[in-house]
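Numbering (the UniProt record's numbering), first residue to last: 1 to 247.
One structure below.
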Amino acid sequence: MSPLVREARRLVLASQFLTRLPAPRLRSISEAELLASTHWFPLVGLVIGALMAAAGFAGSMLDPWLGALAVLTLGVWITGALHLDGLADVTDGLGAAHGRPERQLEAMRDPHIGSLGAVAMALLLAGKLVLLMLLLREGQWLALLLVPAWARLGTLYWAATVPPLATGMGERFAWRSRRLPMLAWLILLAPLSWWLSPWLLLAPGVMLAWAAFLRHRVGGMTGDGLGAGVELTEAALLLILVVGALW
Numbered sequence: 001m002s003p004l005v006r007e008a009r010r011l012v013l014a015s016q017f018l019t020r021l022p023a024p025r026l027r028s029i030s031e032a033e034l035l036a037s038t039h040w041f042p043l044v045g046l047v048i049g050a051l052m053a054a055a056g057f058a059g060s061m062l063d064p065w066l067g068a069l070a071v072l073t074l075g076v077w078i079t080g081a082l083h084l085d086g087l088a089d090v091t092d093g094l095g096a097a098h099g100r101p102e103r104q105l106e107a108m109r110d111p112h113i114g115s116l117g118a119v120a121m122a123l124l125l126a127g128k129l130v131l132l133m134l135l136l137r138e139g140q141w142l143a144l145l146l147v148p149a150w151a152r153l154g155t156l157y158w159a160a161t162v163p164p165l166a167t168g169m170g171e172r173f174a175w176r177s178r179r180l181p182m183l184a185w186l187i188l189l190a191p192l193s194w195w196l197s198p199w200l201l202l203a204p205g206v207m208l209a210w211a212a213f214l215r216h217r218v219g220g221m222t223g224d225g226l227g228a229g230v231e232l233t234e235a236a237l238l239l240i241l242v243v244g245a246l247w
């Protein structure tokens with residue numbers, strides 16, 4: 001298999017893992033190949049961001065609230081609420097722990113969403129809707145291009161730097177992310193952020209903060225922790241962009 005075909009397969013795998021976007025069906029997928037596809041996660045984020053920016057621009061031509069709803073709905077549909085589920089599980093786990101790590105893991109593995117998880121999802125979606133409206137009202141729709149990319153770069157950083165807490169699909173990414181792809185994406189996203197909105201250069205600080213939370217509050221990295229990190233990073237960056245636009 002040529003290097004070009006191999007990387008194309010990995011890009012398709014990354015898209016299939018993170019989104020519902022149409023992609024060629026692949027056969028005989030190995031776990032090693034799936035793990036190797038993670039360095040394309042930020043590019044998938046750029047694709048998501050491009051679609052969200054387009055939806056925001058189109059909707060905001062009529063009304064900022066309509067644009068915000070279009071962006072939010074599109075984002076949830078594209079990802080299949082994958083990361084929202086992680087946020088709900090982490091919230092349920094922290095709420096059920098009561099100082100007992102085994103209870104936390106048990107709650108996070110429970111396929112049912114508890115009341116705390118449902119409230120967390122509702123608050124996050126409501127918060128994103130308001131922030132998106134404020135951002136679109138200020139005409140900052142193009143900045144949406146980079147928000148999902150930064151959040152998915154975060155998954156590479158968290159998986160490479162936070163020790164895994166348990167065994168699962170998300171935890172298998174732990175310590176597998178190579179530094180070179182992360183550095184390459186950082187070099188690409190930083191100047192783009194400076195051009196679109198310098199406030200996005202605070203994204204690495206958000207990533208560092210979530211890594212610290214995973215270590216000291218959750219106890220380590222889990223697949224749910226990665227998903228929750230994506231959602232919270234996106235929300236934090238939207239808040240930063242709104243503050244910057246209204247400054």
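Every residue gets a Cβ at the ideal spot worked out from N, C-alpha and C, and that includes glycine.
As the structure is a computational prediction, the values presented were derived from the model and not from experiment.
Nearest neighbour of residue i, chosen from the options [CA to CA]
{"i": "L241", "options": "A118, Q140, Q16, T38", "result": "Q140"}
{"i": "G49", "options": "S60, L26, A149", "result": "A149"}
{"i": "L239", "options": "L214, G225, T222, L202", "result": "L202"}
{"i": "A143", "options": "S193, A81, A70", "result": "S193"}
{"i": "L105", "options": "R217, L208, G229", "result": "R217"}
{"i": "residue 249", "options": "S37, V12, A36", "result": "Only positions 1 to 247 of the chain appear in this structure, which leaves residue 249 out of reach."}
{"i": "G212", "options": "G229, S197, D110", "result": "Looking at the sequence shown, residue 212 is not Gly but Ala. Among G229, S197, D110, the Cα nearest to that of A212 belongs to G229."}
{"i": "G244", "options": "V47, A122, L131", "result": "L131"}
{"i": "H112", "options": "D85, W195, P22", "result": "D85"}
{"i": "L21", "options": "S2, A122, A184, V47", "result": "V47"}
Proximity of residue i and residue j at Cβ, strictly below 8 Å
{"i": "L232", "j": "W199", "result": "no"}
{"i": "A151", "j": "G67", "result": "no"}
{"i": "G80", "j": "A235", "result": "no"}
{"i": "R9", "j": "E31", "result": "no"}
{"i": "S197", "j": "L136", "result": "no"}
{"i": "L208", "j": "L153", "result": "no"}
{"i": "L51", "j": "I29", "result": "no"}
Supposed contact pair residue j and residue i - C-beta distance, whole angstroms, cut 8 Å
{"i": "H39", "j": "P181", "result": "4 Å"}
{"i": "L237", "j": "W158", "result": "That pair is no contact at about 16 Å."}
{"i": "L87", "j": "A120", "result": "6 Å"}
{"i": "L186", "j": "F41", "result": "That pair is no contact at about 13 Å."}
{"i": "L129", "j": "L69", "result": "7 Å"}
Chain-order list of residues whose beta-carbon lies under 6 Å from that of residue i (same chain, five-residue window excluded)
{"i": "M108", "result": "D89, G93, D224"}
{"i": "G95", "result": "L116"}
{"i": "H83", "result": "G227, V230, E231"}
{"i": "V206", "result": "T233, A236"}
{"i": "P3", "result": "none"}
{"i": "W65", "result": "M133"}
Own chain partners of residue i with C-beta closer than 8 Å, once the 5 adjacent residues on each side are dropped
{"i": "G220", "result": "V162, P163, P164, L165, A166, L214"}
{"i": "L246", "result": "L134, E138"}
{"i": "R179", "result": "A160"}
{"i": "P24", "result": "V12"}
{"i": "L183", "result": "none"}
Same chain, Cβ closer than 7 Å to residue i, five either side skipped, listed in chain order
{"i": "D63", "result": "none"}
{"i": "T91", "result": "L116, G117, A120"}
{"i": "A36", "result": "R10"}
{"i": "V147", "result": "G49, E234, L237, L238"}
CB contact check: residue i to chain B, cutoff 8 Å
{"i": "V218", "result": "No chain B is part of this structure, which consists of one protein chain only."}
- Can we say the region 69 to 76 touches the region 41 to 57, given the rule of at least three CB pairs closer than 8 Å? The answer is yes - the region 41 to 57 touches the region 69 to 76, with three or more Cβ pairs under 8 Å.
- Message: Check whether the region 110 to 128 and the region 11 to 18 touch, using three or more Cβ-Cβ pairs below 8 Å as the test.
- Response: At 8 Å Cβ cutoff, the stretches do not touch.
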